[in-house]
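Notes follow the structure.
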Amino acid sequence: MAEQTAAAAATAATTATGERIPTVIVDDVHIVYRVHGAGTPGTGTPVAGLRRLLTGKRAPQVTEVHAVKGVSFTAYRGEAIGLIGSNGSGKSTILRAVAGLLPVERGAIFTQGQPSLLGVNAALQNDLSGERNVALGCLAMGMSPEEVRKRTPEIVQFSGINDRGNFSALPMRTYSSGMSARLRFSIAAAKKHDVLLIDEALATGDARFRRRSEGRVRELRAEAGTVFLVSHAIGTIKTTCERTIWLESGVIRADGPTAEVCREYEAYMNK
Amino acid sequence: MAETAVTAEPDAGTTPAAIAARHGLTVAGARPGLGAYARQLWAYRHFISAYANARVIAQFSTAKLGRIWQVLTPITNALVYYLIFGIILKADGGEPNFIGYLCAGVFIFTFTSSVVTAGIQAISGNLGIIRALHFPRASLPLALAMVQFQHLVASMLVLAGIMLVTGEPLTFEWLLVLPALLLQSVFNAGLALAMARLGAKLTDLRQVMPFILRTWMYASAVLYPVTLFKDHLPPWAADLLELNPLLVYIELMRHAMMSEVSLSSPIGQIWALAAGWALLVGAGGFIYFWRGEQEYGRG
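Sequence lines, in order, name chains F and D.
So in the UniProt record's numbering, spot 116 of the first sequence is number 116, and the numbers just go up one at a time.
So in the UniProt record's numbering, spot 106 of the second sequence is number 106, and the numbers just go up one at a time.
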């Protein structure tokens, strides 16, 4: 029996050295959105609602949107993967499912640790100052209060919101959309993530911030994390990702080195 | 032996699930166990208190007087009730200190009712932060219950002032206020958790809640003496109303701070009910909220 165990350990070791370490495994995933109350006109009026109450009928038909249809891929440690595709192709949906925020209809998603999704609609507390939002965000990511005190100036510095006056002391509702997007990115990027999912978050910053954040994404990768990047800016994908997945209508059309996939994608879009 | 059998399986490592298991990957968005969840929540206690403080500050950030409103609001409330019941209606319902009786009822009732109102929106009003960051979702309703507790502390100072002004003596019995508030806070925390899950699913609840809360207020003998129940209701209904948790917490407060006050039942029974409700709703609300943990923020 001891021999058997040793043999098993040996094979496990060889396979482990032979292949890279996966951080995200997406296995034949289907995602379906159910939209309530949409559909035929006249079902949303108070009279119709009252009639449903009286007759005991179920809510009007639920519209199903099959957003992702059988997607499979494996991401490895230290990879930066770009997700491209036309609007409504299921890129953001896949990211939200990987982050564990959306249930899958069929198939399964396995992840290392807890992936963090960084999107443009990730609103913090608009009535609070930027500095307080940094502290809240860091605590919400599980940092200790001492760590938060230490990191807050760094994060504010990185976001560059204080370049024009002391904006970190002002409520976030006074920020421009670019400024709040920069602050959000800076908060999320302050922590080491096993898997970081970025959804168009780099697009809102100006050119200087984009360069800085692209640098940060490279650092995160170097810390043995995996980064997913959804973007319509092919330039950003080309400079940050070496692998790209092209989704179209919820199906993978191509998955490979960025240069090849982007060439195909650009040819397709220019048709 | 069983372990060896699993690892020595020749096919192990070919299916995605097996590869995931081998490298220690877990299913995305899986729910932790109840004990693990409680530990996570404890680890996030700094976040909960920071979030609660942030909410209090944000709430008064646009008002010129700022946090002074935390004290001004209950004082204004008390003045309005004094004007209507003390001066215009001259109602006392046989209570020697009706103003104190009334204010104790209003402040304690407001504590729970505002926790309910805030709890309903704990998830649906914070989808941004829920979809952006990962933390135990119970942090949000608990933080909101804490916000209301901060407001209550201000109200209690006002209430103590009212009691002294209306001639109640300061006695050692006032110390009973602390365990009473502790029990009500546990009750409220459980209620906030339960309401947060209900409010996340049933979006219509927000419209219905004001009516439920108003009915609850009339059933808690806030605006009139509790003896009215015995005089006007059939005995079974009066007995049932004695179980009402809010009536229980209000009576504890009145009993602690006032020398002469009519109660619905013996004080020992009221304390037992208060502890029972806190335990039942506190634990029940937590378990109920935890069971929905992976659903929040979806859709």
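In this text, a Cβ means the ideal position worked out from N, Cα and C, and glycines have one as well.
So with CB distances below 7 Å, who are the chain D contacts of Arg149 of chain F?
Here residue 149 of chain F refers to the residue found at position 149 when the first sequence is read from its first residue. The contacting residues do not exist; Arg149 of chain F stays about 11 Å from chain D at best.
Would you identify the three-state DSSP class for Val261 of chain D, choosing helix, strand or coil?
Within the second sequence, residue 261 of chain D is the residue found at index 261, counting from 1. DSSP places Val261 of chain D in coil when its eight states are reduced to three.
If you compare alpha carbons, which of F:Arg210, F:Arg253, F:Arg221, F:Asp199 is closest to Leu229 of chain F?
As a first step, residue 229 of chain F is located in the first sequence; it is residue number 229 there, counting from the start. For Leu229 of chain F, the nearest C-alpha among the options comes from F:Asp199.
Out of curiosity, what's the CA-to-CA distance linking Val65 of chain F and Leu247 of chain D?
Residue numbering aside, residue 65 of chain F sits at position 65 when the first sequence is read from its first letter. Residue numbering aside, residue 247 of chain D sits at position 247 when the second sequence is read from its first letter. One C-alpha to the other measures close to 49 Å.
Answer yes or no: does any C-beta atom of chain F fall closer than 9 Å to that of His46 of chain D?
Position 46 of the second sequence holds residue 46 of chain D. Closer than 9 Å: yes.
Helix, strand or coil: how does DSSP classify Pro141 of chain D here?
Position 141 of the second sequence, counting from 1, holds the residue named residue 141 of chain D. It is helical.
Inspect the beta-carbon positions of Met146 of chain D and Ala52 of chain D and report whether they are closer than 9 Å.
Numbered from 1 along the second sequence, position 146 holds the residue referred to as residue 146 of chain D. Numbered from 1 along the second sequence, position 52 holds the residue referred to as residue 52 of chain D. In contact: Met146 of chain D and Ala52 of chain D (Cβ atoms closer than 9 Å).
In the DSSP assignment, find the unbroken beta strand (DSSP E) run with Gly82 of chain F in it and report its ends.
For the purposes of this step, residue 82 of chain F is taken as residue 82 along the first sequence, with counting starting at 1. Here the beta strand (DSSP E) through Gly82 of chain F covers 80 to 84.
Can you find a C-beta in chain F that's less than 9 Å from the C-beta of His151 of chain D?
Residue mapping note: residue 151 of chain D aligns to position 151 of the second sequence, counting from 1. Cβ-Cβ to chain F under 9 Å: no for His151 of chain D.
Tell me which residues of the region 185 to 210 of chain F have at least one Cβ-Cβ distance to chain D shorter than 8 Å, keeping chain order.
From the region 185 to 210 of chain F, only Ala188 have a Cβ closer than 8 Å to chain D.
Between Phe185 of chain F and Tyr175 of chain F, how many whole angstroms is the CB-CB distance? I'm expecting something under 8 Å.
To locate residue 185 of chain F, count along the first sequence from 1; it is residue 185. To locate residue 175 of chain F, count along the first sequence from 1; it is residue 175. 13 Å between Cβ atoms; not a contact.
Does DSSP put Tyr51 of chain D in a helix, a strand or coil?
The residue you call residue 51 of chain D lines up with position 51 of the second sequence. Tyr51 of chain D: helix per DSSP, three-state reduction.
Taking Trp174 of chain D as part of the alpha helix (DSSP H), name the residues at either end of that continuous run.
The residue given as residue 174 of chain D occupies position 174 in the second sequence. Note, Trp174 of chain D: premise wrong, no alpha helix (DSSP H); not H, not E.
Any Cβ of chain F within less than 9 Å of the Cβ of Pro141 of chain D?
Stepping through the second sequence from its first residue, residue 141 of chain D is reached at position 141. No, its Cβ sits nowhere closer than 9 Å to a Cβ of chain F.
Which word fits Trp236 of chain D, buried or exposed, when buried means at least 16 other C-beta atoms lie within 10 angstroms of its C-beta?
The residue labelled residue 236 of chain D in the question sits at position 236 within the second sequence. Classification of Trp236 of chain D: exposed, given that the 10 Å Cβ count is below 16.
Step through the CB atoms of chain B and report whether any lies within less than 9 Å of the CB of Val27 of chain D.
As a matter of chain content, chain B is missing from the structure shown, whose protein chains are F and D.
Alpha carbon to alpha carbon, what distance is there between Tyr82 of chain D and Ile135 of chain D?
As a position in the second sequence, residue 135 of chain D is number 135, starting the count at 1. As a position in the second sequence, residue 82 of chain D is number 82, starting the count at 1. One point to set straight first is that residue 135 of chain D is Phe, not Ile, in the sequence displayed. One C-alpha to the other measures close to 45 Å.
To be precise: take each residue of the region 91 to 112 of chain F, compare its Cβ to all Cβ atoms of chain D, and keep it if any distance is under 8 Å. Which residues remain?
Cβ contacts with chain D come from Arg96, Ala97, Val98, Ala99, Gly100, Leu101, Leu102, Pro103, Ala108, Ile109, Phe110, Thr111, Gln112.
Hey, out of D:Phe229, D:His255, D:Ala192, whose CA is closest to Leu243 of chain D's CA?
Reading the second sequence from its first residue, position 243 is the one you call residue 243 of chain D. For Leu243 of chain D, the nearest C-alpha among the options comes from D:Phe229.
Based on the DSSP secondary-structure assignment, which residues constitute the bridge partners of Ala108 of chain F?
Indexing the first sequence from 1 puts residue 108 of chain F at position 108. Bridge partners of Ala108 of chain F: F:Asp27.
Run through DSSP, which three-state label would Asn121 of chain F get?
Numbered from 1 along the first sequence, position 121 holds the residue referred to as residue 121 of chain F. Below a pLDDT of 50, predicted positions are generally treated as unreliable, and Asn121 of chain F, at 49, falls in that range; the measurement from the model is reported next regardless. If DSSP states are grouped into helix, strand and coil, Asn121 of chain F belongs with coil.
Pick out whichever of F:Arg263, F:Ser231, F:Glu147 has its Cα sitting closest to the Cα of Lys191 of chain F.
For the purposes of this step, residue 191 of chain F is identified with residue 191 of the first sequence, where counting begins at 1. Of the listed residues, the one whose Cα sits closest to Lys191 of chain F is F:Glu147.
Please check if any C-beta of chain F sits within less than 9 Å of the C-beta of Asp11 of chain D.
For this step, residue 11 of chain D is matched to residue 11 along the second sequence. With a pLDDT of only 44 at Asp11 of chain D, under 50, the local geometry of the prediction cannot be trusted, and no value is derived from it.
With distances taken Cα to Cα, identify the nearest neighbour of Phe85 of chain D among D:Thr76, D:Phe98, D:Ala58, D:Val153.
Mapped onto the second sequence, residue 85 of chain D falls at position 85. Of the candidates D:Thr76, D:Phe98, D:Ala58, D:Val153, the one whose C-alpha sits nearest the C-alpha of Phe85 of chain D is D:Phe98.
Closer than 7 Å by beta-carbon distance: list the chain D residues that pair up with Pro153 of chain F, in chain order.
In the first sequence, counting from the first residue as 1, residue 153 of chain F sits at position 153. Those within 7 Å of Pro153 of chain F in chain D number zero; the least Cβ separation is about 17 Å.
List, in order along the chain, the chain D residues whose C-beta lies closer than 7 Å to that of Gly137 of chain F?
For the purposes of this step, residue 137 of chain F is taken as the residue at position 137 of the first sequence. Here the neighbours are Leu133.
On the three-state DSSP scale, how would you describe Pro136 of chain D?
Position 136 of the second sequence, counted from the first residue, corresponds to residue 136 of chain D. Three-state result, Pro136 of chain D: coil.
Name the chain D residues whose beta carbon is nearer than 7 Å to that of Arg132 of chain F?
Counting from 1 along the first sequence, the entry for residue 132 of chain F is found at position 132. Within chain D, the residues near Arg132 of chain F are Ala54.
How would you write the range of the alpha helix (DSSP H) that Ile75 of chain D sits in, first residue to last?
Looking up residue 75 of chain D in the second sequence gives position 75. It spans 69 to 81 - the alpha helix (DSSP H) in which Ile75 of chain D sits, taken as one unbroken run.
Looking at the unbroken beta strand (DSSP E) that takes in Lys69 of chain F, where does it start and where does it end?
The residue labelled residue 69 of chain F in the question sits at position 69 within the first sequence. Segment 63 to 76, the beta strand (DSSP E) holding Lys69 of chain F.
Do you know how far the Cα of Val68 of chain F is from the Cα of Thr93 of chain F?
Indexing the first sequence from 1 puts residue 93 of chain F at position 93. Indexing the first sequence from 1 puts residue 68 of chain F at position 68. Looking at the two C-alpha atoms, the distance is approximately 8 Å.
Applying the 10 Å Cβ sphere with the 16-neighbour rule, what's the burial state of Tyr44 of chain D?
By 1-based counting over the second sequence, the position of residue 44 of chain D is 44. Buried, by the Cβ-count rule.
Taking 9 Å as the CB-CB cut-off, is Val24 of chain F touching chain D?
As a working mapping, residue 24 of chain F is identified with position 24 in the first sequence. Yes, Val24 of chain F counts as interfacial toward chain D.
If the criterion is Cβ atoms closer than 9 Å, does the pair Leu101 of chain F and Leu117 of chain F meet it?
Taking the first sequence and counting its residues from 1, the one referred to as residue 101 of chain F is at position 101. Taking the first sequence and counting its residues from 1, the one referred to as residue 117 of chain F is at position 117. Contact flag set, yes.
Mind listing the chain D neighbours of Met141 of chain F? Cutoff is C-beta to C-beta under 8 Å, in chain order.
The residue labelled residue 141 of chain F in the question sits at position 141 within the first sequence. Within chain D, the residues near Met141 of chain F are Leu133, His134, Phe135.
With a threshold of 16 other CB atoms inside 10 Å of the CB of His151 of chain D, please say whether the residue is buried or exposed.
Your numbering for residue 151 of chain D matches position 151 in the second sequence. Buried is the call here.
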